[in-house]
Structure formats: C-alpha cells, structure tokens
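Below you'll find the structure, written out as structure tokens, and then a few comments.
Protein chains: 2
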Amino acid sequence: MNNQMSDLLRIPTFEDVKAASLRISGAAHRTPVLTSRTADQRTGATLSFKAENLQRAGAFKFRGAFNAIAGLDSASQRSVVAYSSGNHAQAVAYAANLQGVGATIVMPKDAPEVKVAATRGYGADVVFYDRYTEDREAISRRLAAERGAALIPPYDHPDVIAGQGTAALELIEEVGEIDVLVVPLGGGGLLAGSALSARALSPNCTVIGVEPEAGNDGQQSLRKGEIVRIPVPKSIADGALVTHVGQHNFPILQRCVDDIVTVTDAQLVETMRFFAERMKILVEPTGCLAAAAVLSGTIASAGKRVGVLLSGGNIDLEKFNSLLRGG
Amino acid sequence: MNNQMSDLLRIPTFEDVKAASLRISGAAHRTPVLTSRTADQRTGATLSFKAENLQRAGAFKFRGAFNAIAGLDSASQRSVVAYSSGNHAQAVAYAANLQGVGATIVMPKDAPEVKVAATRGYGADVVFYDRYTEDREAISRRLAAERGAALIPPYDHPDVIAGQGTAALELIEEVGEIDVLVVPLGGGGLLAGSALSARALSPNCTVIGVEPEAGNDGQQSLRKGEIVRIPVPKSIADGALVTHVGQHNFPILQRCVDDIVTVTDAQLVETMRFFAERMKILVEPTGCLAAAAVLSGTIASAGKRVGVLLSGGNIDLEKFNSLLRGG
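Heads up: the protein sequence lines correspond to chains F and Z, in order. Our numbering puts the first residue of the first sequence at 63, with every later residue one more than the last. Our numbering puts the first residue of the second sequence at 63, with every later residue one more than the last.
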C-alpha cells in the first residue's frame with residue numbers, strides 16, 4: 063500500500079497536531095496573539111486574535127505545507143508538486159526551499175506577475191496551465207508521477223490538517239481555555255486542525271467555522287451530514303472559493319465543529335478596515351472571515367473568551383484600497 | 063522642593079526602566095518582535111523589529127504615559143494635563159483612564175475630528191488652543207496649576223523616558239544580545255530610554271538614533287556637545303518634528319548613544335510600503351525612521367544582529383495611500 067492510498071484513510075488526531083508543532087518549531091513563526099479594547103467593547107467579549115497574517119509567506123498555509131513536506135519519506139521523495147494561485151503555492155515553495163526539497167508549482171498562466179515572481183523567488187519551478195481549458199489537478203498528478211514527486215494538496219491531507227492545527231494549539235497554549243473558537247473555512251484544513259486542538263486543549267469550547275455567504279458548501283455539508291458540492295462561488299474571500307470540503311476534513315468537522323456560519327463581502331471589507339485603522343495590520347478578505355462573524359454580531363460573543371483566527375494577509379495594496387473605497 | 067523641581071534634575075537610570083517595566087506590566091502590550099527573511103536578505107543582517115505600532119493606542123507612547131501617571135503622588139495628584147496633537151495625547155488619555163485619573167488634553171482647534179473624538183473616547187477633557195497665536199505649553203502649565211494636575215510632557219521627563227525604555231528591554235530580553243540597536247529620534251524619550259536598556263542588557267551594542275533629514279537637531283546636538291535648537295522642521299515624520307531634544311534626555315544621549323543619522327521622506331515612504339506589502343503591518347512615517355536607515359543601507363548592518371524599533375502605526379488610511387501614491 064503506497065503512501066497516497068493510506069493517506070486517503072488516515073484521519074489525523076490531536077497527536078498529529080502535537081507532532082506537527084514540534085516539526086515546524088523554529089521554521090514557522092510563533093505568531094503573536096493580538097487584542098483590542100475597541101473590539102472587546104464593541105462585542106462585550108474578550109477577543110484573542112491569532113495573527114497568522116504575520117506568518118511566514120503571509121498565511122497559516124506555511125504550517126501545513128512545512129509539516130507535509132517534513133513528513134515525506136526522505137529516501138524516495140525529494141520533490142513536491144502543488145497547485146494553487148494563492149497562499150498554498152507560496153507556502154509550499156517556501157517550505158520546500160527551507161527543507162532543501164525541489165518544488166513544482168502549477169499556476170494559471172494569467173496569475174499576477176508578482177505572485178509568479180515570488181514563487182520563483184522561493185526557488186520553485188513554475189508550470190503554467192490555462193484555467194479555462196485545463197484541469198490543474200490532473201496536470202499536477204501527471205507532473206508528480208513524471209517527476210517522482212509528492213503532491214501536496216491544499217487542504218485534503220492529514221499532514222496538512224495537522225500542521226494547520228498548530229495555530230490554534232499555540233493560541234490556546236498562550237491565552238488558556240476559551241469559550242468559543244472561530245475559524246475561517248475554505249476546504250477545511252484550518253478548521254479541522256483547529257477543531258482537533260480545541261477539543262483537546264479546551265474541551266468545553268464551542269468551535270465555529272465561517273464561510274463567505276456565497277460559498278456555504280461547508281454549512282450545507284454539516285447540516286446534511288455529507289459533503290455537498292457547489293459551483294465555484296463568487297466572493298472577495300478568494301482563499302475560500304472551494305466547491306467542497308476535503309474528505310479527510312469532513313469527518314473531523316462532523317465530530318468537532320459545532321456550527322458553520324456565513325458573512326457577506328461587505329462585512330469582510332468592514333473588518334479589513336477595522337484591522338487596518340484600529341489594529342495596524344493588513345488582513346486579506348479570507349483572513350477576515352472569522353473576525354467578521356464576531357465583530358458583526360453574527361456570532362454572539364458577549365461575556366465570552368473568544369479565540370479568532372486571522373488566516374492571512376496576502377492582498378496587494380491596490381486591491382486593498384480599491385475594496386475599501388467600495389470598488 | 064516640589065516634584066516638578068526635583069524632576070528637572072533627576073536623570074533616569076536603567077533601574078528606573080526596570081521599575082517601569084513592572085509598573086506597566088499587564089497594562090501595556092508586550093508587543094511582538096517580528097522578523098522578515100526578505101529584509102534579512104536585503105541587508106545581510108539578522109533584523110528584529112519591535113512592533114510598537116501594535117502597542118495600545120498605536121504607539122510606544124503608552125509606555126511612558128502609563129509609567130509617568132503611575133508614578134504620581136496618589137494623595138495629591140489625581141489628574142493630569144498633556145499637550146500634543148499626536149500619539150502622546152492619546153496615550154496619556156488612555157493611560158489616565160485605565161488608572162482612574164482625570165486627564166485634560168490641550169489640542170489645536172484644527173486637530174482632525176477623529177483624533178479629538180478618540181481622545182474624548184478615552185474619557186479625557188479636551189481644551190482647544192489656536193496653534194498660530196497661542197502657546198500650548200503656557201496654556202498647559204496654567205491649566206495644570208488651576209486644576210492641581212500634573213503636567214505630563216511628551217519626552218522631557220524621567221518617568222516618561224524610563225517607560226519608553228521598556229520596549230528595548232523587552233526586545234533584548236526576547237532576542238538576546240544584539241550588535242546594533244536602531245531607534246527613531248524626536249525629542250529623545252524613546253532613544254534615551256532604549257539606550258539605557260541597551261547599555262545594561264547588551265553592553266557591546268552600538269546605539270544609533272535616526273531623525274528625519276529635515277530635522278537633524280539631535281545629530282547637531284550630539285556633535286556639538288550641547289542642545290541645538292532648530293526651526294520647526296518639515297517632514298512626513300510628524301512625530302519627530304521637534305525643535306530640540308529634552309534636558310533630561312540629552313545627557314543620556316551623550317553618554318549612551320553612538321551616533322545619530324538621518325533619512326529622507328522618500329526613504330520613509332519606501333519603508334512604509336515594505337512593511338505593508340511584505341510584513342502586513344501599518345507603520346506611520348515616524349515609526350519607520352529606524353527601519354528606513356537600516357533598509358536603505360544608511361546604517362551598515364551586514365553580518366550583525368540588529369534590533370529595530372518601530373515606534374507607531376497611527377496614520378489614517380487616506381494619508382497612507384496618498385503618501386504611497388507619491389501625493
């Protein structure tokens with residue numbers, strides 16, 4: 063039975079998150095936990111923001127990527143393939159570079175030049191595809207087979223999930239038990255990993271995932287009890303535009319997540335503004351999902367200790383300004 | 063001899079910084095120390111950025127204000143007066159509020175409405191003056207006398223200096239000894255306090271202050287061996303537009319600071335852009351002084367462990383964008 067086959071069945075546990083925490087120690091930043099009197103006053107809660115926008119490569123994705131690469135069989139697999147136009151690609155390229163592993167990143171040929179340059183800057187080989195006519199997953203699988211490389215998927219992988227869980231682990235280690243943990247949800251890597259940490263370290267904590275309103279496949283899936291697929295959603299939360307959560311992720315969401323709620327793009331923009339004006343940090347739209355649900359009151363938090371994951375900060379300044387101007 | 067008289071002669075020491083550190087503990091944020099592979103690669107140095115832009119009220123000023131107010135004779139002085147159109151006013155208002163002390167803030171009558179509202183939001187009484195015809199220091203002294211309140215000056219005060227020194231203390235505690243410490247310089251509160259910490263905790267460390275090119279009174283003073291006064295300088299570093307360093311500050315600068323260098327407004331803008339794009343944080347122009355000197359190569363740092371203080375993040379987004387667009 064090869065690695066990929068067994069991975070299909072291997073659902074990670076909190077033990078895997080703890081192991082990931084050791085593996086990434088010294089490589090990933092232990093990001094700060096930020097607080098805001100204004101946010102606390104507005105909600106009546108005690109909010110602790112885990113600032114993964116300050117993570118290496120600008121997002122939590124570095125944790126899962128580094129852990130998955132560190133978990134490769136070093137005798138046979140010295141290179142990796144990943145597909146993504148966003149944070150996962152950069153994270154894999156960067157984490158591979160740090161571990162002396164070759165990386166091939168499959169990117170759309172119309173990807174922003176700055177992202178291509180950044181990915182190459184981490185030493186990765188960039189392979190382009192046409193996002194309108196070609197299937198990036200098929201291309202990636204073919205490249206992985208040709209090159210004897212391991213495919214590192216963005217969320218549907220036990221080591222990726224375990225790595226993403228280290229952010230919530232650090233948060234709870236730092237602030238102690240919490241009443242509610244709120245986490246952005248795309249494919250479910252961060253939410254599943256976070257839920258494992260919350261269940262283990264703060265057992266009475268309610269765990270809530272937050273999706274863009276336009277892409278509530280996770281909410282539908284949790285309610286229906288099976289993975290629901292939707293068409294590619296439209297939202298400014300470009301890191302959460304998935305059509306379905308992962309197979310490794312869903313069982314954990316079913317077991318450990320209490321609810322999934324949604325926020326609008328307008329609420330995301332207001333939250334981006336809040337972070338920039340009041341907390342002096344740049345958070346990308348996807349990174350604002352959890353915070354938007356809390357600050358807008360979608361999640362009732364008064365009187366509670368609430369952990370909020372800010373998942374990333376990768377947005378260019380022009381786009382940032384255009385969103386804040388309502389463009 | 064009253065408090066103010068004795069303060070004129072009391073030059074703080076590192077013992078005062080340590081005492082301040084205890085006083086502000088739990089009130090001030092222990093701000094994170096951030097790193098950037100890109101910045102390290104660009105300079106060849108190992109850079110540690112102390113992110114005081116993430117401090118309460120958005121700047122290091124909270125440390126000195128809180129410490130000075132905590133040091134008041136609680137029997138007789140239950141209110142304070144401060145003058146400032148910038149970070150010091152907010153910091154005093156906020157720190158006073160937290161300690162149950164009344165605050166009167168003297169602000170120019172054309173101060174931005176948002177700053178007036180924020181100051182009042184901290185519970186302070188705002189008194190306006192006309193910046194073209196009135197002397198804010200005289201008004202503040204009169205108000206302090208009338209109200210039996212203590213005047214908290216922005217930098218020329220031993221408890222303010224000692225409080226500001228806690229940022230560098232935390233930085234060196236966290237990263238260990240460093241080779242160079244680089245600090246923004248306006249009136250010398252942060253630089254004097256930082257120098258006390260560096261001399262005590264990292265004795266072989268070179269301490270360098272950084273001023274805006276247009277306002278190099280500190281550099282002139284250090285070279286001449288006496289406090290040099292200049293006309294009000296023009297720079298985007300609006301927190302460093304002082305005409306002279308403080309009397310309590312200068313002896314410390316003479317004894318503990320190795321050099322003072324300057325940077326241009328264009329270098330400050332480039333540094334603001336770097337922090338936003340690469341490190342996902344907003345740093346105001348004054349807050350970029352030290353980093354600009356390092357990132358521009360004005361201070362040679364290759365092969366060295368360099369501590370860099372980012373002093374504040376209070377700039378509104380419109381102004382931020384206008385500066386980055388070259389406006």
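The C-beta atom is built at its ideal place from N, Cα and C for all residues, glycine as well.
- In the structure shown, residue 312 (chain F) adopts helical secondary structure according to DSSP, grouped into three states.
- Taking all protein chains in view, the Cβ of residue 174 (chain F) is surrounded by fewer than 16 other Cβ atoms within 10 Å, so the residue is classified as exposed.
- Within the DSSP secondary-structure output, residue 270 (chain Z) pairs in a beta bridge with Z:244 and Z:321.
- Check the Cα spacing between residue 154 (chain F) and each of F:97, F:172, F:328 and F:221: the tightest is with F:221.
- Annotation for residue 187 (chain F): the continuous beta strand (DSSP E) segment containing it runs 187 to 191.
- For residue 112 (chain Z), there is no enclosing alpha helix (DSSP H); the enclosing beta strand (DSSP E) has its first and last residue at 108 to 113.
- Between residue 245 (chain F) and the set F:318, F:166 and F:163, the nearest pair of CA atoms involves F:318.
- In its chain, beyond the 5 residues on either side, 73 have a beta carbon closer than 8 Å to the beta carbon of residue 313 (chain Z).
- Assigned with DSSP and collapsed to three states, residue 145 (chain Z) falls in strand.
- The stretch 283 to 301 of chain Z and the stretch 339 to 349 of chain Z touch, with three or more beta-carbon pairs separated by less than 8 Å.
- Residue 171 (chain F) is outside the set of residues whose beta carbon lies under 7 Å from a beta carbon in chain Z.
- For residue 246 (chain F), there are no neighbours in chain Z by C-beta distance under 7 Å, as the nearest C-beta there is about 16 Å away.
- For residue 72 (chain F), the secondary structure class from DSSP, reduced to helix, strand or coil, is coil.
- The criterion of a C-beta distance shorter than 7 Å is not satisfied by residue 94 (chain F) and residue 121 (chain F).
- Contact annotation: residue 340 (chain F) and residue 100 (chain F) have beta-carbon atoms nearer than 7 Å.
- DSSP links residue 164 (chain Z) through a beta bridge to Z:141.
- A check of alpha carbon separations from residue 169 (chain F) across F:252, F:183, F:189 and F:228 identifies F:189 as the nearest.
- Only 156 from the stretch 123 to 156 of chain Z bring a Cβ to less than 9 Å from some Cβ of chain F.
- Put simply, the backbone Cα of residue 199 (chain Z) is about 23 Å away from that of residue 278 (chain Z).
- Between residue 231 (chain F) and residue 78 (chain Z), the alpha-carbon positions lie close to 37 Å from each other.
- Listed along chain Z is no residue with a C-beta nearer than 8 Å to that of residue 252 (chain F); the closest approach is about 17 Å.
- Across the stretch 324 to 343 of chain Z, CB contacts with chain F closer than 8 Å involve 335, 338, 339, 341, 342 and 343, in sequence order along the chain.
- If you look at residue 371 (chain F), you'll find it in the beta strand (DSSP E) that goes 367 to 372.
- For residue 379 (chain F), the C-beta contacts it makes with chain Z under 7 Å involve 338, 339 and 386, in order along the chain.
- Residues of chain Z whose Cβ lies closer than 7 Å to the Cβ of residue 278 (chain F) do not exist, since the nearest Cβ in that chain is about 28 Å away.
- Between residue 386 (chain F) and residue 330 (chain F), the alpha-carbon positions lie close to 10 Å from each other.
- Contact check for residue 304 (chain F) against residue 248 (chain F) passes: the beta carbons are separated by less than 7 Å.
- Contact annotation for residue 94 (chain Z) against chain F: 94 [CB-CB distance below 7 Å, chain order].
- Using a CB distance cut-off of 7 Å, residue 159 (chain F) does not count as an interface residue toward chain Z.
- Under the three-state reduction of DSSP, residue 265 (chain Z) is assigned to coil, being neither helix nor strand.
- As the crow flies, the alpha-carbon of residue 127 (chain F) is around 35 Å from that of residue 90 (chain Z).
- Looking at F:75, F:76, F:260 and F:88, the one whose alpha-carbon comes closest to that of residue 160 (chain F) is F:88.
- Considering only beta carbons, no part of the stretch 352 to 370 of chain F lies closer than 9 Å to chain Z.
- Counting only the Cα atoms, residue 338 (chain Z) lies some 10 Å from residue 338 (chain F).
- Scanning Z:147, Z:225, Z:110 and Z:165 for the CA closest to the CA of residue 85 (chain Z) turns up Z:225.
- In the structure shown, residue 345 (chain Z) falls within a coil segment according to DSSP collapsed to helix, strand and coil.
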